[in-house]
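According to the numbering used here, the sequence shown is numbered sequentially starting from 6.
Every residue gets a Cβ at the ideal spot worked out from N, C-alpha and C, and that includes glycine.
Please read the structure below before turning to the comments.
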Amino acid sequence: MKWRIVAFAASLVPFLIIAISFHVTPEDIFAVGIVNFLAAFAAMMGKLLLQGIKFHYIIKTFHGKIESLWRTMFVRIGSEFVTMTTPMFVGGEVVRIYWMNKRGIATSKASWLGIFEIVTEVLAAGVLAIIAGVIAIVGGHTIIGVIVLGTTIPVVGLWSGLFFLTAKRDFQVPKMFVNLVLRFRKEKGQQYLDKTNQWMADICTMTRQNIKAPHAKRAFAVSFLISLLSWMVFGVSFMFISFGTEKTVTAIDSILAVMAGNAIGNMPITVGGSGLAEFGTWAYLSHLDQFKLELPSDSVEWDAIIAWRIATYQLPIPIAWFLLMKMALRKYQKPVE
């Protein structure tokens, strides 16, 4: 867990760089107002709660209830600590799969449920980001629009493509990796490869068994809509921050800008997209047309961007860490039958 603390500390570096470069002081950040700051924080927590509701719904639909709604929601929020402290916002699904497995769900099924959840999440975020990118290009802001589309389409295509392809064929470990593993560990390596291939085959089998079932189609649609709502709730967070500045933004502009920033933050460069998400949101709202960080006359101020990021990223991290320790990774004893 020590490396997570290091990752959290590393995520602060972009804030310092931005603050020093644009002479942003703590007073500037606090100037947005405590009410606006807390409203943005509440929007982020609303997103996490909706994700928890969706997680509980997916488990209940395909397996049955394994924990109470609130406990499942808290576990889902706790897993976000891992997501927020890794590049490309990945890793939280491992915590959720582990948690489900400890409660009697087979690893392959838990993995499939995790993938099902991720695909609906990525697809919903992708739809909003693609809309943001298209609107930017149509509005004449080609550079930021192309960047958003260029970071969104590959991610959405990869996750969606892999998920739906599992319904048509079984995936196996690529031959290149097989040769690499066997070169270092022949007997043990073969055992690991066999287990991995079996795990992947089980996931593909589950997709084929469920993908065309009416309840699965309904679950996918409901999960997608909940994901869409959760991203939109998160998206209005910057609108609340803007109420404390000279340049306020509408709910729609806020959603599009935040989703554009989220898409750019997916690039595997910084921890939790720190620095990238801020730049993407600022660039979208400032209608970036050139690769320069000089503030246009009508641009959003960087102090508002930093305040928004603290409210929606830095502040939720310790809450997620607490729930991760208390709920997701706590010792579990199966109930006596």
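- Sequence-distant Cβ neighbours of Thr250 in its own chain, meaning closer than 7 Å and more than five residues away, are Val37, Glu306, Ala309.
- Counting along the chain, Ala309 sits inside the alpha helix (DSSP H) bounded by residues 307-314.
- When secondary structure is reduced to three states using DSSP, Val95 falls in the coil class, being assigned neither helix nor strand.
- In the structure shown, Glu72 falls within a coil segment according to DSSP collapsed to helix, strand and coil.
- Here the alpha carbons of Ile63 and Lys222 stand approximately 12 Å from one another.
- Scanning its chain for C-beta atoms nearer than 7 Å, with the 5 sequence neighbours on each side dropped, one finds around Ala256 the residues Val241, Met244, in chain order.
- Under a 10 Å Cβ-count criterion, Lys70 is classified as exposed, with fewer than 16 other Cβ atoms of the shown protein chains found around its own Cβ.
- Note that the C-beta distance between Ala134 and Thr157 is below 8 Å.
- Taking 8 Å as the cut-off, the beta carbon of Glu98 is found no closer than this to the beta carbon of Leu53.
- In terms of CA proximity to Phe327, Val80 leads the group Val80, Gly51, Lys65, Ala47.
- For the pair Ala206 and Ile152, the Cα-to-Cα distance works out to about 36 Å.
- Under the three-state reduction of DSSP, Thr171 is assigned to coil, being neither helix nor strand.
- Around the beta-carbon of Thr147, fewer than 16 other beta-carbon atoms lie within 10 Å, marking it exposed.
- Ile110 sits in coil when the DSSP states are folded into three classes, being neither helix nor strand.
- For Arg174, the number of other beta carbons within 10 angstroms of its own is below 16, and it is reported as exposed.
- Between Val254 and Leu198, the C-beta spacing is not below 8 Å.
- DSSP, reduced to helix, strand and coil, places Pro179 outside both helices and strands of the structure shown, so it counts as coil.
- Annotation: the continuous alpha helix (DSSP H) that includes His220 extends over 219-240.
- At a cut-off of 4 residues, the continuous stretches assigned as alpha helix (DSSP H) that sit fully inside the stretch 104-148 are 112-143.
- With a 10 Å radius around the Cβ and a threshold of 16 neighbouring Cβ atoms, Lys59 comes out buried.
- Only buried fits Trp117, as 16 or more other CB atoms lie within 10 angstroms of its CB.
- The residues Ala129, in chain order, have a CB closer than 6 Å to that of Leu233 in the same chain once the five nearest residues on each side in sequence are set aside.
- Distance between Thr125 and Asn267, taken at the CA atoms: about 16 Å.
- Of the candidates Gly194, Val178, Phe121, the residue whose Cα lies closest to the Cα of Phe168 is Phe121.
- Taking the C-beta atoms as reference points, Met50 is found nearer than 8 Å to Pro321.
- Annotation: Ala172 to Thr91 spans about 30 Å, alpha carbon to alpha carbon.
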